[in-house]
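Protein chains in written order, with our numbering: chain A, 4 to 121; chain B, 7 to 120.
The structure is reproduced here in structure tokens:
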């Protein structure tokens, strides 16, 4: 079974600085998708960024970028120029690319709570 | 507006009293799913549905039931709730399963079972 590990329960960053959240996963599949979701205090789940395993280029969305290391099964999220609104719980998630029943689920990590200080 | 509507947002009940959490999406999505979120455990899948009348168990299905009689609705039923089902619940949907599409999440239901 696939597992996703986020080893940092909490992180803190100063406003305007850069922070990296780590995520590792375990899978025997070669084709899959990886995601970072943000959950602010409102509890809403917001997709931050996604990466297809077959793509070598790291995904980027404005101030958010990933460092995808397929061989190491690592998928870290870098937030540049941190803002107060970035304070939230961040979840890393994995999804197989096969279109069969249980393959369709997102497997989540346990989350990293990010604090942004002035 | 494309959305997943989940109700209620908060629910307090007592052990053994049957309850239903409703979930409806207006995007004609095939795939729908229920997750529970617990501190230190992240989100875990309870049940999912690939299409109308097609449902299957996720990782933590014990004590829950679902149905998918219409494409838009996917209610979560707790026949006899117990305190260990106190949790934050999310309904989610996507057009198809097993893709890089994002999941659309409902706003969550905080359930407390006394």
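Think of the CB as a built atom: it goes at the ideal place given N, C-alpha and C, for glycine as much as any other residue.
*asked:* Please return the same chain residues whose Cβ sits closer than 6 angstroms to the Cβ of residue 120 of chain B, not counting the five positions on each side in sequence.
replied: Cβ within range, chain order: 20.
*Per-residue burial, residue 112 of chain A [other beta carbons within 10 Å of its own, 16 or more giving buried]*: Residue 112 of chain A is buried by the Cβ-count criterion.
*Inspect the beta-carbon positions of residue 12 of chain A and residue 114 of chain B and report whether they are closer than 9 angstroms.*
Cβ atoms of residue 12 of chain A and residue 114 of chain B: not closer than 9 angstroms.
*Verify whether the separation of the beta carbon atoms of residue 7 of chain A and residue 95 of chain A is less than 9 angstroms.*
Going by C-beta atoms, residue 7 of chain A is nearer than 9 angstroms to residue 95 of chain A.
*Which value, in whole angstroms, describes the spacing of the CA atoms of residue 103 of chain B and residue 31 of chain A?*
If you draw a straight line from the Cα of residue 103 of chain B to the Cα of residue 31 of chain A, it is about 19 angstroms long.
*Could you work out which residues of chain B lie near residue 64 of chain A, taking near to mean beta carbons separated by less than 7 angstroms?*
Chain B residues near residue 64 of chain A: none, gap ~12 angstroms exceeds 7 angstroms.
*So the beta strand (DSSP E) residue 13 of chain A belongs to, where does it begin and stop?*
Start and end: 13–17.
*Could you tell me which uninterrupted beta strand (DSSP E) segments, each at least 3 residues in length, are contained entirely in the segment 32–59 of chain A, listed from first to last along the chain?*
Correct list: 35–42, 49–55.
*Kindly indicate which residue of B/101, B/76, B/60, B/51 has the alpha-carbon position closest to the one of residue 9 of chain B.*
The residue among B/101, B/76, B/60, B/51 with its C-alpha nearest the C-alpha of residue 9 of chain B is B/101.
*asked:* Give me the residue from B/90, B/84, B/79, B/93 with the minimum Cα distance to residue 37 of chain B.
replied: The residue with the shortest Cα to Cα distance from residue 37 of chain B is B/79.
*Do residue 42 of chain B and residue 111 of chain B have their C-beta atoms closer together than 9 angstroms?*
In this structure, residue 42 of chain B lies away from residue 111 of chain B, with their beta-carbon atoms at least 9 angstroms apart.
*Sheet register partners of residue 63 of chain B (DSSP bridge)*: DSSP output for residue 63 of chain B lists B/53 as bridge partner(s).
*DSSP three-state assignment for residue 84 of chain A, whether helix, strand or coil*: Residue 84 of chain A carries a coil assignment under DSSP once its states are collapsed to helix, strand and coil.
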